[in-house]
Structure formats: C-alpha cells, structure tokens
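Quick notes on the structure that follows.
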RNA sequence: GCGCUCGUAGUUCAGUGGAUAGAACGUCAGCUUGCGGAGCUGAAGGUCAGAGGUUCAAUUCCUCUCGAGCGCGCCA
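Encoded structure:
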C-alpha cells in the first residue's frame, strides 16, 4: 500500500514536470507515514514540504498542485486525499477497500501478505555460530531468535533461505576445552557441563584428543539440542570450520593472491583489507606458516560465494562488531556481487540480586538460554527477546524473569487468538456459523480500526525483509490483539437477532485470527486455540 | 588513547527531519443479569542526558561534553 501511494505521488510529480509546470529535478525518495491520529488520515506524505522550496511555492500550494494532478477517478482505495497545513498530503482509506481486505484475508488465509520479491533468489542466513566449547548463553539466544525470524520472514517473501551455523571446530579453543575438561593448570572454561565432560572424557588422552571428543559432545548434545528442542530453530547447514580449512582456505588465498590483494611482510602473508575500508590489513598466514583464523573466514566466504547466494545476512553479537568492516572487505575482495547485511545484536545485560552478572563462559557464570527457557517457557522467552530492537542494550533482571513472565505480552496476544477461536467454535457448535458474509455491514468505528490494522500487515512483512527489524512483529501482534479486544468489548460477534451482521463479524474475527496466527508463526510462537 | 553502539515516563523499552513523543509493567479510578475478566474504559506520570550548530521544521542529522556497554592480537 505504501509503495502504491509513493508511486502515485512520484507519477504526479513527474507529470507536473513533463507539463512544464514544475522545473525538472530528481524526485527524492518519497516516504509514506501512518499518522498516529485518525483524523490526519491513514497514510500521509510530506513530499510537498520537501519540494516547496525547489518550486518556489508554499508547501500547501505544492501539495494541492500534486493532488490536482492525480488521475481521476482518484483511486478506489481512497475516499479522500487532502492537503493540510503545513503541507501534508493525507490519504484516507475507503471502507470499500478495507472490506475488500477482509475478503482477501479470508480467501488467501495464511498466504495473505506473501509477496514475490524473493522469488528465485537465495539468501544465506548465518546466525549464532557460537564456539562449541559450552552451552549457549542468553546473548546467543537473542541472536538466535532474531536470525530465525529473519529467515521466516524472508521465506514468506519467496526467498529460498539457508539457515546456517558456522561451527568453529578447528583452532586453539579445542585444546583449551581439552585442558578444561582435564582440569589441569591450563583450564580456561568451567561450569557444571565441564564436570560432566570430565567424567566422560578425561581418560581419552591429552588435551587434543579430549578436546576433540568434548567439542563433538558439546555440539551434538548441548548446542544442537538447545537449538532444536529449546529454541525451536531449525538449521539447514552446520558448516564445519575444519572442512572449510581442508577445502576452501587454500583456494581462497590463491584467488586473493591472483587478484594482487595480498603481500608479504614480516614473514607473514597479509590481505589488503584497507583497500576496502578496513583500518588495517589482516594477516592470512602467520610467520610460523600457520593459517590465521581470518583465513578460515576467507575460505568460508569463498564457499558462500560459490554457492551463489543473492544475499547474505549475518547476525553477530556486539562483541564482534569489530569484524564488520573486515568481513565486508573480504566479501568485496573475493568478488561477492550481492547484498551483504551484518546485523549486530547488542549485549544482554543480566542483573541478579541487584548486581550485574558478568557473563563469561570462562568463569562459568553465564546465564544459559536453555535455563531461561526452562524457567519461563519457550514462547515467553522468545517473545521477550524479539520485542526489543537489536540496537537496544537490553537489561533484564533474572529474579524478575519468572514473575515477569506471567505478564509477558505474548499471553495477551495468544489470549486474543484463543478468544477468537472460542467464539468461532461456539458459532459452529450452535450452528450459527455464517455461510456468506456481507462485509458491507462492517461500519462500527472499532471494526474500521481493526480492519486498518490488518491492512498494515503486508507492508510490515515486506519492510522487514528489507531492514530486518524483526522487533516490529511482536509490536504489531500486540497492537492487533489490542484492537481486537477493544472491538470484542464493543461489538457482539454472535448475535442471533442479527445474523447478517453476525456473519460479517465472524468473517472479520476470522481474518484477525488468520493474521494473528501468521504473525505468531513468523515470530516463532504458538497460536493456541485454548489456553 | 582510538573506534562502534546506546542514553526517551518510576521500571523495561518503542518511535520519528514534521502535526498533541507512545506501549507494557507498576500506581490510581471505573466497567459483570451476554460470545473466554489472561479482558475493557479512563487518569496521573517526560527539560527525549547536557550544550551548541544545520533546517521552514530537530527528540531524530552534525559537533562537543557527560554517562553506560562493547571492541581495538601474526587469539580463536
């Protein structure tokens, strides 16, 4: 809808230019807002205020000129388009259009809001990729839920999405884990899981052997289980760093050498990442001849490029924000032509008994995501993390987590869904289920507000594939549930005295149910029929 | 020291170059002879950290200051 309006405005402006009424200039990007106040329209554009100076007219005059150059009949979707001080162009949706939306939702069901921007395109979606040296923390949880939802939304947009976890099963941390399991003086990690690993593997030999066995165990029995069973995330690919080292690292280095993007200095081989905006060049091969960790990234990047993705998304914790420029530099150096988005999720700060918990796997005092999920339940935990923008440094009090979870807005949303199911169930049982629905009967203010909210869903889904702002889904779900509860309070759905209206309202309620369920599905939370 | 991110109601957080800055929780006051009260309606609560600047318009963009978190290895 927003796109339609923007196109319409753009056409109007270029039309005025063609006719010579306005001078020729590049039309800036047109932004469409949804005003908070109903009387200010359903959509609003500030383009006239932006252009006023260029064409030497007041913003209001500009706005009126744009409106008058719209092709008539205006557009069946709107009942009114007007220019208002100081220069806004406000669009008012027609009831007819809104009723059409309800019909469309009931017809397309969960496919409402699907679109085809991603058709035939592949996305690589890498997230969590935590070291297999211990359980996942609440920080990994945040990135995990975020990545999972981005994947779901992109799939809705028609993209083929490959969810991927990069397993760091090579390198020094394996031996570190080995020492820790053996509990010798080089031990780095601690915690209950180390005790368990110690019982299982301490007889396996040296740090190397013990470390490898323990790593495999952590990956299979802790990480994969947490991800699948607790977090309910499914991955398509678990990419082994070891395998990347065997098959792609050398090849990627040769390619970079061939492109003359490397040089030797101080006995090491360097990649000129500064050529692509990095603040210093990075070592690929250390002076002892060993490959640096970054060489693994090179191989992995080449591997992704060879798999021909149109877009790569990577979700990193804020403690890795320093890698953003170097990874982007790497993608350019290796010639990735698609779009590459790196999303940083800020740290999760945990307080316990009034004190900050400094989370560290090494100290063994990290708060594990599986524990949190066991405590508050999957849906509440997931919704809680997803409510907040990745940019927010979120704080949460562990003592309040359980208590708070009862107040978790997820229940408010799920309750709305269960309530609708109950109403529709009752209608069915009492044989009052409507066969046909005349949505023309929907005219109550609460009904209109509800329909307008439903109409926003496709725009929202499409925007999220662009900007990855998944926290907008929970917010939308809460708003929709809110509008429904309010409608429910004001309007009786099952009404034997007025079967026609009742039929229309059942259709409306069913539309809300569909969109609510679909939103919850994208968030990854259940939509219960009963609670 | 340098860099990235953040600072909005009592608390946790949305929001935006524009029209009266929002929600949840907490607080207070109402709503039940009807479809699920896990609900609804309303109220109180703000110097958008502070100071400059750009703009017709800044909480939003720029600079500086203060405060918080995180990074700055030929570690992985």
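Numbering (our numbering), first residue to last: 1065 to 1595.
Using N, Cα and C, we set each Cβ at its ideal position, and we do this for glycine too.
This one's a predicted model, so the numbers in the text were calculated from it and none came from an experiment.
According to DSSP, residue i sits in a beta bridge with which residue or residues?
i	result
residue 1332	1329
residue 1178	In the DSSP output, where bridge partners are listed per residue, residue 1178 has none listed.
residue 1302	1229
residue 1408	1380
residue 1487	Answer is none; residue 1487 lacks a bridge partner.
residue 1458	1412
residue 1172	Note: residue 1172 sits in no beta bridge, so no partner.
residue 1403	1375
Could you please give the first and the last residue of the uninterrupted alpha helix (DSSP H) stretch that includes residue i?
i	result
residue 1157	Looking at the DSSP string, residue 1157 is not in any alpha helix (DSSP H); the run it does join, the beta strand (DSSP E), is 1152-1157.
residue 1469	1462-1469
residue 1556	Careful: residue 1556 lies outside any alpha helix (DSSP H) and carries neither H nor E.
residue 1091	Note, residue 1091: premise wrong, no alpha helix (DSSP H); not H, not E.
residue 1451	1442-1451
residue 1527	1521-1531
residue 1535	That residue, residue 1535, is in no alpha helix (DSSP H); it is neither H nor E in DSSP.
residue 1085	Neither: residue 1085 is in no alpha helix (DSSP H) and is coded neither H nor E.
residue 1131	1123-1132
residue 1397	1388-1397
residue 1240	1236-1246
Please report the Cβ distance between residue i and residue j, rounded to the nearest whole angstrom; I am assuming they are in contact, meaning their Cβ atoms lie under 8 Å.
i	j	result
residue 1126	residue 1115	6 Å
residue 1482	residue 1592	5 Å
residue 1330	residue 1226	The pair is not a contact, with the Cβ atoms about 39 Å apart (cut-off 8 Å).
residue 1317	residue 1359	7 Å
residue 1472	residue 1416	No, residue 1472 and residue 1416 are not in contact; Cβ-Cβ is about 19 Å, not under 8 Å.
Output the boundary residues of the beta strand (DSSP E) element that contains residue i.
i	result
residue 1147	1142-1148
residue 1419	1419-1421
residue 1188	1186-1190
residue 1109	1107-1109
residue 1274	Taken as a continuous stretch (DSSP letters only), residue 1274 belongs to no beta strand (DSSP E), being part of the alpha helix (DSSP H) at 1271-1281.
residue 1347	1346-1349
Within the same chain, show all residues whose beta-carbon is closer than 7 Å to that of residue i, passing over the 5 residues directly before and after it, in chain order.
i	result
residue 1251	1243, 1244
residue 1089	1118
residue 1078	1091
residue 1595	1478, 1479, 1482
residue 1271	1239, 1242, 1243, 1246
residue 1228	1188, 1189, 1190, 1299, 1300, 1301, 1303
residue 1557	1487, 1566, 1569, 1570, 1573
residue 1536	1524, 1528
residue 1454	1210, 1407, 1408, 1409, 1410
residue 1274	1242, 1245, 1246, 1265, 1266, 1268
Skipping 5 residues on each side, what residues in its chain have a beta carbon closer than 6 Å to that of residue i?
i	result
residue 1413	1459
residue 1291	1297
residue 1294	1434, 1437
residue 1382	1408, 1410, 1411
residue 1577	1484
residue 1598	Outside the modelled stretch of the chain, which goes from 1065 to 1595, sits residue 1598, for which no answer is possible.
residue 1489	none
residue 1338	1345
residue 1146	1154
residue 1086	1080, 1119
Could you pull out every residue in the same chain whose Cβ sits closer than 8 Å to the Cβ of residue i, ignoring the five residues on either side in sequence?
i	result
residue 1511	1551, 1555, 1569, 1572
residue 1279	1196, 1197, 1233, 1238, 1241
residue 1580	1477, 1480, 1481, 1484, 1541, 1544, 1545, 1548, 1591
residue 1320	1326, 1335, 1348, 1362, 1397, 1398
residue 1351	1330, 1331, 1332
residue 1392	1340, 1341, 1404, 1406
Under a three-way DSSP split, which group does residue i fall into?
i	result
residue 1074	helix
residue 1355	strand
residue 1201	strand
residue 1253	coil
residue 1312	coil
residue 1432	strand
residue 1224	strand
residue 1561	coil
residue 1365	helix
residue 1324	coil
residue 1547	helix
residue 1210	helix
residue 1098	coil
residue 1120	coil
residue 1112	helix
residue 1567	helix
residue 1504	helix
residue 1266	helix
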